[in-house]
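**Q** One structure coming up, written as structure tokens, with questions to follow.
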Amino acid sequence: MATVLGWNGWSKVASLLTAVAAIAALWFTAQSLRATQAQIGMTEQGQFTDRFGKAVEQLGSEKLDIRLGGIYALERLARDSPRDYWTTMEVLAAFLRVHAPATRCTVSTPSTDVQAAATVIGRRNLTFDADEGLRSLNRRPDESRPFRSPLDLGGVCLAGAQLVNVDFSDVSLDDANLSDANLSGAELDNAQATGANFTRARIGTASLTGMNLEGANLTGANLTWSDLSRAKLTNADLTNADLTGARGVHEN
Numbered sequence: 001m002a003t004v005l006g007w008n009g010w011s012k013v014a015s016l017l018t019a020v021a022a023i024a025a026l027w028f029t030a031q032s033l034r035a036t037q038a039q040i041g042m043t044e045q046g047q048f049t050d051r052f053g054k055a056v057e058q059l060g061s062e063k064l065d066i067r068l069g070g071i072y073a074l075e076r077l078a079r080d081s082p083r084d085y086w087t088t089m090e091v092l093a094a095f096l097r098v099h100a101p102a103t104r105c106t107v108s109t110p111s112t113d114v115q116a117a118a119t120v121i122g123r124r125n126l127t128f129d130a131d132e133g134l135r136s137l138n139r140r141p142d143e144s145r146p147f148r149s150p151l152d153l154g155g156v157c158l159a160g161a162q163l164v165n166v167d168f169s170d171v172s173l174d175d176a177n178l179s180d181a182n183l184s185g186a187e188l189d190n191a192q193a194t195g196a197n198f199t200r201a202r203i204g205t206a207s208l209t210g211m212n213l214e215g216a217n218l219t220g221a222n223l224t225w226s227d228l229s230r231a232k233l234t235n236a237d238l239t240n241a242d243l244t245g246a247r248g249v250h251e252n
């Protein structure tokens with residue numbers, strides 16, 4: 001055989017076998033890496049599920065400090081797992097609807113846990129949407145800003161809440177009570193707030209572009225230097241509201 005192939009022939013065969021072995025080694029390494037990554041992913045998801053379940057359980061505690069721990073644990077989870085981000089935000093919104101209904105709005109300021117949940121929602125990451133988690137490049141056809149999925153805070157009592165610079169864009173606030181709330185500098189673009197109570201609320205320098213305020217009570221509200229462009233104010237009560245420097249008022 002050596003006579004037939006010669007030294008050069010055997011050298012080529014050896015090189016070919018070496019190359020095949022190297023390719024096989026790379027293939028097996030890649031398969032092993034994929035399996036390892038899949039296992040890591042399953043482990044991480046399992047850890048998230050455990051952490052999520054514990055945080056939700058904390059929200060039902062009778063102790064304030066434990067409920068607060070659950071709220072901030074959910075915020076951390078939302079940042080750690082983009083895929084499950086919106087689930088955590090919806091849980092916090094549900095917490096507010098259950099623990100602070102506008103029908104029982106008898107306090108001048110919200111409880112500490114209600115304030116905390118509202119604050120966390122107000123600083124949510126707007127590149128995460130409800131359907132697919134992370135869509136940082138998703139855009140609405142008519143706008144350059146990221147798509148924002150609506151959160152339901154309808155019928156919630158946030159009277160007297162400190163909500164300075166929060167982003168409640170696209171949030172549903174229908175029939176919510178935000179009387180005496182401080183919403184200075186807030187982003188409320190395209191929010192739905194029909195029938196909401198903003199009596200004496202401070203909404204100065206806020207952006208209310210495209211906000212639906214039909215039938216809302218804005219009696220005595222401070223709207224100085226706010227942007228009301230394209231806002232819907234049909235049947236809204238603006239008695240004694242301060243509209244100094246507000247934009248878009250004459251459009252309504």
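Residue 1 is where the sequence shown starts when you use full-length UniProt numbering, and the numbers rise one by one after that. Yeah, the Cβ is synthetic: ideal placement off N, Cα and C, and Gly gets one too. For clarity, every value in this text was computed on a predicted model and none was experimentally measured.
Going by the DSSP bridge assignment, what does residue 232 pair with across the sheet?
**A** Residue pairing from DSSP places residue 232 in a beta bridge opposite 212.
**Q** What does the alpha-carbon distance come out to for the pair residue 163 and residue 82?
**A** Distance between the alpha carbons of residue 163 and residue 82 is about 24 Å.
**Q** Might you give, ordered along the chain, the residues of its own chain that have their beta carbon closer than 7 Å to the beta carbon of residue 69, omitting 5 neighbours on each side?
**A** 58
**Q** Measuring alpha carbon to alpha carbon, tell me which of 152, 249 and 177 ends up nearest residue 161.
**A** 177
**Q** Quick check on DSSP: helix, strand or coil for residue 57?
**A** Shown here, residue 57 sits in a helix according to DSSP, grouped into three states.
**Q** Pull up the distance between the alpha-carbon of residue 179 and that of residue 66, whole angstroms please.
**A** 28 Å
**Q** Exposed or buried, residue 166, counting other C-beta atoms within 10 Å across all chains shown (16 or more means buried)?
**A** buried
**Q** Just to confirm, is the Cβ distance from residue 215 to residue 235 under 7 Å?
**A** Contact flag set, yes.
**Q** Can you say whether residue 121 is buried or exposed, counting buried as having 16 or more other CB atoms within 10 angstroms of its CB?
**A** buried
**Q** If you compare alpha carbons, which of 80, 102, 107 and 96 is closest to residue 113?
**A** Of the listed residues, the one whose Cα sits closest to residue 113 is 96.
**Q** Going by beta-carbon coordinates alone, are residue 244 and residue 224 separated by less than 7 Å?
**A** For residue 244 and residue 224, yes; Cβs fall inside 7 Å.
**Q** Among 48, 100 and 246, whose alpha-carbon lies nearest the alpha-carbon of residue 87?
**A** That would be 48, whose Cα lies nearest to the Cα of residue 87.
**Q** Output yes or no for whether 7 Å exceeds the beta carbon distance between residue 184 and residue 200.
**A** no
**Q** Cα separation between residue 98 and residue 72?
**A** 18 Å
**Q** Just the C-alpha distance for residue 50 and residue 56, rounded to the nearest angstrom, thanks.
**A** Their backbone Cα atoms lie some 10 Å apart in a straight line.
**Q** In whole angstroms, what is the alpha-carbon distance linking residue 116 and residue 240?
**A** So the alpha carbons of these two residues sit roughly 31 Å apart.
**Q** Counting only the same chain and skipping the five closest in sequence on each side, list residues whose C-beta sits under 6 Å from that of residue 18.
**A** Listed in chain order, the non-local C-beta contacts of residue 18 below 6 Å within the same chain number zero, local neighbours out to five positions each way being set aside.
**Q** Would residue 93 and residue 170 be called neighbours here (beta carbons separated by less than 7 Å)?
**A** no
**Q** Report back the beta-carbon spacing between residue 168 and residue 186 to the nearest angstrom; my notes put them in contact at under 8 Å.
**A** 6 Å
**Q** State yes or no: is the C-beta of residue 118 within less than 7 Å of the C-beta of residue 157?
**A** no
**Q** Shortest alpha-carbon distance to residue 53 belongs to which of 74, 62, 124 and 193?
**A** The residue with the shortest Cα to Cα distance from residue 53 is 74.
**Q** Go ahead and label residue 60 buried or exposed: buried means 16 or more other beta carbons lie within 10 angstroms of its beta carbon, across all protein chains shown.
**A** exposed
**Q** Work out the CA separation of residue 204 and residue 155 for me, nearest whole Å.
**A** 23 Å
**Q** Report the residue from 104, 77 and 103 whose alpha carbon sits nearest the alpha carbon of residue 91.
**A** 77
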